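Here is the structure we will look at, set down as C-alpha cells.
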Amino acid sequence: MPEIRGNAAQCMDGKKKTDKRMTLHDAVAAYVHDGGSIVFSGMGGAQCVAHAYEIIRQKKKDLTLIGDSPCDAGDMLMGAGVLKRAELAWCGYAVAGLGPNYRRIVEKKIPHEMELIDYSNYTIGLRLMAGAMGLPFLPTRSLLGSDLMTYNKDIKEMADPYTGETVALVPAVHPDVALIHCSRADITGNAQIFGFTANAENAARAAKHCIITCEEIVDTDVIRQHPHATCIPGYAVDAVVHLPFACHPWNFPYDYAYDIPFHGEQTRAFKTREGFLAWLDEWCFGTKDHEAYLDKVGRKRLQKLKDIEQKFCPKHW
21 MPEIRGNAAQ CMDGKKKTDK RMTLHDAVAA YVHDGGSIVF SGMGGAQCVA
71 HAYEIIRQKK KDLTLIGDSP CDAGDMLMGA GVLKRAELAW CGYAVAGLGP
121 NYRRIVEKKI PHEMELIDYS NYTIGLRLMA GAMGLPFLPT RSLLGSDLMT
171 YNKDIKEMAD PYTGETVALV PAVHPDVALI HCSRADITGN AQIFGFTANA
221 ENAARAAKHC IITCEEIVDT DVIRQHPHAT CIPGYAVDAV VHLPFACHPW
271 NFPYDYAYDI PFHGEQTRAF KTREGFLAWL DEWCFGTKDH EAYLDKVGRK
321 RLQKLKDIEQ KFCPKHW
C-alpha cells in the first residue's frame with residue numbers, strides 16, 4: 021500500500037488529535053478540496069461568512085454546496101464561480117434582500133452554468149439527520165403536495181409498510197466537509213452553541229470531516245460545566261478555529277448584534293455583477309484573512325455590535 025502523505029494523511033488523523041487548533045486558512049486548505057461537497061451551519065443569522073470569504077480567497081472550484089438556507093455563503097460562492105452544483109432549499113439575505121448572484125447563475129448562467137437541486141428546509145434537515153444516523157433515507161409526508169417531487173428525481177415515493185399510505189423518501193447526504201460556527205469550543209473540538217443550532221449537530225455527524233470555528237476557545241473543564249450544551253462532540257471534529265465575528269455582518273446569539281447598515285450596503289453592491297466583483301476585490305481579496313477583514317470593518321464598530329447584544333441578550337452562563 022502506498023504511503024499516505026500531505027493533506028490526506030492530515031485528514032485521516034484529524035479527529036484523533038487532542039489539540040485540533042488551526043487557522044481558518046489552514047483548515048480550508050486541508051479539508052476543502054476542488055470537486056468536493058460542503059455544508060455550512062447557521063439559519064436566521066449565525067451565518068458562516070468568514071468561511072465563504074476564505075474559500076473564495078483560496079480559489080476553490082467545482083464544489084457542491086448542500087444546505088437549507090446558506091444565505092451569504094451560498095450567494096457569494098455562486099457569484100465567485102466556486103460551485104458546480106447546489107442542493108438547497110433557499111438562498112438570499114433575509115431582511116437585507118434576495119440573492120442576486122443566485123438569480124444570475126440560475127437565470128443567465130453568470131458566471132457559469134450550475135446544477136441546482138431543490139429541497140425544502142425541512143427535508144435538507146432530514147437528509148443530514150439520515151446521514152448522521154447512518155440511514156440511507158428518511159420518510160416524510162411534507163413533500164407530497166408540492167412540485168418538488170416533479171423536478172427533483174432523487175425524491176422517491178413508497179407505501180408505508182404499516183399503513184399502506186404513501187410517503188416521500190429523501191436520501192441521506194454525507195458532505196465531504198461541514199463548516200460550523202459555535203459559541204465556544206475546547207481544543208479537542210467539543211463545541212457548544214447558545215442559540216438556534218439549526219442543523220449543526222447533524223451536519224457535523226453526517227459529514228466526513230468537520231471544521232469548527234468559534235467565538236471563544238475555553239478549557240475543557242468549562243465545557244464540562246454545561247455538558248447538556250455540547251451539541252457537537254470532539255470525536256466528530258477535525259479542526260478547531262478561533263474566529264470571533266465570523267458571522268459579520270450577521271448576528272451571532274449572545275455575542276454580537278446584526279450589522280444591518282453594513283449588510284444593506286453589501287446587498288446593494290451585489291445587485292450588479294460589476295458591483296459584486298468590486299466588493300470581492302475590496303472585502304475578500306483585498307483582505308489577506310479574517311483579522312484583516314475585521315480591521316477594515318473597524319474594531320470600534322464591532323465592539324458596538326457586541327455591546328448592543330450584551331445589553332439586550334446578556335450571557336448568563
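Residues 21 to 337, numbered by this note's numbering, are exactly what the sequence shown covers, in order. Glycine residues also receive a C-beta, built at the ideal position from the N, C-alpha and C atoms. Here the structure is a predicted model, which is why all the values come from computation and not from measurement.
Requested in this report: Give the DSSP-derived three-state secondary structure of Lys104 in the structure shown.
Outcome: Within the sequence shown, numbered from 1, the residue matching residue 104 stands at position 84. Strand.
Report task. Report yes or no: is there a C-beta of chain C within less than 9 Å of the C-beta of Pro253? Result -> No chain C appears in this structure, which consists of one protein chain only.
Query raised in the report: Quick one: is Lys17 buried, meaning 16 or more other Cβ sit within 10 Å of its Cβ, or exposed?
Result: A question about residue 17 goes unanswered here, because the residues of the chain that appear run from 21 up to 337.
Query raised in the report: Excluding the five sequence neighbours on either side, which residues of its own chain have a C-beta within less than 8 Å of the C-beta of Gly101, listed in chain order?
Result: To locate residue 101, count along the sequence shown from 1; it is residue 81. Once the five neighbours on either side are set aside, the close Cβ partners of Gly101 are Lys81, Pro131, His132.
**Report entry** Asp285 - DSSP class collapsed to helix/strand/coil
**Finding:** In the sequence shown, residue 285 corresponds to position 265, counting from 1. Asp is not the amino acid found at residue 285; the sequence shown has Glu there. Helix at Glu285.
**Report entry** Same chain, Cβ closer than 7 Å to Lys326, five either side skipped, listed in chain order
**Finding:** By 1-based counting over the sequence shown, the position of residue 326 is 306. For Lys326, where only same-chain residues beyond five positions count, the Cβ hits under 7 Å are Asp275, Tyr276.
Query raised in the report: Can you tell me whether DSSP reads Leu168 as helix, strand or coil?
Result: Residue numbering aside, residue 168 sits at position 148 when the sequence shown is read from its first letter. Leu168: helix per DSSP, three-state reduction.
Query raised in the report: In whole angstroms, what separates the C-alpha of Met354 from that of Leu85?
Result: There is simply no residue 354 to check, as the chain begins at 21 and stops at 337 in what is shown.
Query raised in the report: Looking only at C-alpha atoms, which of Thr160, Val48, Thr292 sits nearest to Asp180?
Result: Here residue 180 refers to the residue found at position 160 when the sequence shown is read from its first residue. Answer by Cα proximity: Thr160.
Query raised in the report: Apart from the five residues on each side of it in sequence, which residues of its chain come closer than 7 Å, Cβ to Cβ, to Ala72?
Result: Position 52 of the sequence shown, counted from the start, is the residue given in the question as residue 72. Excluding positions up to five away in sequence, the list reads Asp92, Ala93, Met96, Leu97.
Query raised in the report: If we count the other Cβ atoms within 10 Å of its Cβ and call it buried at 16 or more, is Arg268 buried or exposed?
Result: Position 248 of the sequence shown, counted from the start, is the residue given in the question as residue 268. It is His, not Arg, that sits at residue 268 in the sequence shown. The residue is buried, with at least 16 neighbouring Cβ atoms inside 10 Å.
Report task. Run the CB neighbour count on Pro264, radius 10 Å, all protein chains shown included, and call it buried at 16 or more, exposed below. Result -> By 1-based counting over the sequence shown, the position of residue 264 is 244. Result: buried.
Query raised in the report: Rounded to a whole number of angstroms, what is the C-alpha to C-alpha distance between Ala114 and Ala50?
Result: For the purposes of this step, residue 114 is taken as residue 94 along the sequence shown, with counting starting at 1. For the purposes of this step, residue 50 is taken as residue 30 along the sequence shown, with counting starting at 1. Near 32 Å, if we compare the C-alpha coordinates of Ala50 and Ala114.
Query - Cα-Cα separation, Ala188 to Ile175 - result: The residue you call residue 188 lines up with position 168 of the sequence shown. The residue you call residue 175 lines up with position 155 of the sequence shown. Going by the C-alpha atoms only, they are around 7 Å apart.
Query raised in the report: Can you give the Cα-Cα distance for Pro334 and Ser203, rounded to whole angstroms?
Result: As a position in the sequence shown, residue 334 is number 314, starting the count at 1. As a position in the sequence shown, residue 203 is number 183, starting the count at 1. So the two alpha carbons sit approximately 14 Å from each other.
Report task. Could you tell me the distance, in whole angstroms, from the CA atom of Asp309 to the CA atom of Ala211? Result -> Numbered from 1 along the sequence shown, position 289 holds the residue referred to as residue 309. Numbered from 1 along the sequence shown, position 191 holds the residue referred to as residue 211. Going from the Cα of Asp309 to the Cα of Ala211 covers about 23 Å.
**Report entry** Close Cβ partners of Leu322 (< 6 Å) along its chain, the five nearest in sequence each way excluded
**Finding:** Here residue 322 corresponds to residue number 302 of the sequence shown, with the count starting at 1. If we look at Leu322 and ignore the five residues flanking it on each side, its Cβ neighbours are Phe265.
Requested in this report: Return the CA-CA distance between Leu158 and Ala259, expressed in angstroms with no decimal places.
Outcome: Taking the first residue of the sequence shown as 1, we reach residue 158 at position 138. Taking the first residue of the sequence shown as 1, we reach residue 259 at position 239. Their Cα atoms are separated by approximately 29 Å.
**Report entry** CA-to-CA distance, Leu146 to Lys104, given in whole angstroms
**Finding:** Residue numbering aside, residue 104 sits at position 84 when the sequence shown is read from its first letter. Residue numbering aside, residue 146 sits at position 126 when the sequence shown is read from its first letter. About 23 Å.
**Report entry** Limits of the beta strand (DSSP E) - the one that Met134 falls within
**Finding:** If you number the sequence shown from 1, residue 134 lands on position 114. Met134 -> no beta strand (DSSP E), and no H or E assigned at all.
Query raised in the report: What beta strand (DSSP E) runs, 3 residues minimum, are completely inside the region 53-103?
Result: 57-60, 83-87
Query raised in the report: Is Met134 buried or exposed, if buried means 16 or more other CB atoms sit within 10 Å of its CB?
Result: Position 114 of the sequence shown, counted from the first residue, corresponds to residue 134. Buried is the call here.
Query raised in the report: In whole angstroms, what separates the C-alpha of Pro191 from that of Ala150?
Result: By one-based count along the sequence shown, residue 191 stands at place 171. By one-based count along the sequence shown, residue 150 stands at place 130. Pro191 and Ala150: Cα-Cα distance of roughly 8 Å.
Report task. Work out the CA separation of Trp110 and Leu83 for me, nearest whole Å. Result -> For the purposes of this step, residue 83 is identified with residue 63 of the sequence shown, where counting begins at 1. For the purposes of this step, residue 110 is identified with residue 90 of the sequence shown, where counting begins at 1. One C-alpha to the other measures close to 18 Å.
Requested in this report: Provide the residue(s) that pair with Arg41 in DSSP beta bridges, ordered along the chain.
Outcome: By 1-based counting over the sequence shown, the position of residue 41 is 21. DSSP output for Arg41 lists Val260 as bridge partner(s).
Query raised in the report: Going along the chain, which unbroken runs of the alpha helix (DSSP H) with 4 or more residues stay wholly within the region 183-241?
Result: 220-226
Query raised in the report: So, using beta-carbon positions, are Ala206 and Gly254 closer together than 9 Å?
Result: Working through the sequence shown from its first residue, we reach residue 206 at position 186. Working through the sequence shown from its first residue, we reach residue 254 at position 234. Here the sequence assigns Asp to residue 206, which means Ala is not the residue at that position. Their beta carbons are under 9 Å apart, which means Asp206 touches Gly254 by this criterion.
Requested in this report: Would you identify the three-state DSSP class for Gly34, choosing helix, strand or coil?
Outcome: As a working note, residue 34 is residue 14 in the sequence shown. Gly34 falls in the helix class under three-state DSSP.
Query raised in the report: Quick one, are the C-beta atoms of Val197 and His246 less than 9 Å apart?
Result: For the purposes of this step, residue 197 is taken as the residue at position 177 of the sequence shown. For the purposes of this step, residue 246 is taken as the residue at position 226 of the sequence shown. In this structure, His246 does not lie closer than 9 Å to Val197 by Cβ.
**Report entry** Own chain residues within Cβ distance below 8 Å of Tyr122, not counting five before or after
**Finding:** Here residue 122 corresponds to residue number 102 of the sequence shown, with the count starting at 1. These residues qualify, in order along the chain: Gly94, Asp95, Met98, Cys111, Gly112.
Report task. On a CA-only basis, which of Asn141, Ala47, Cys68 is nearest Glu235? Give me that one, please. Result -> In the sequence shown, counting from the first residue as 1, residue 235 sits at position 215. The shortest C-alpha separation from Glu235 is found at Cys68.
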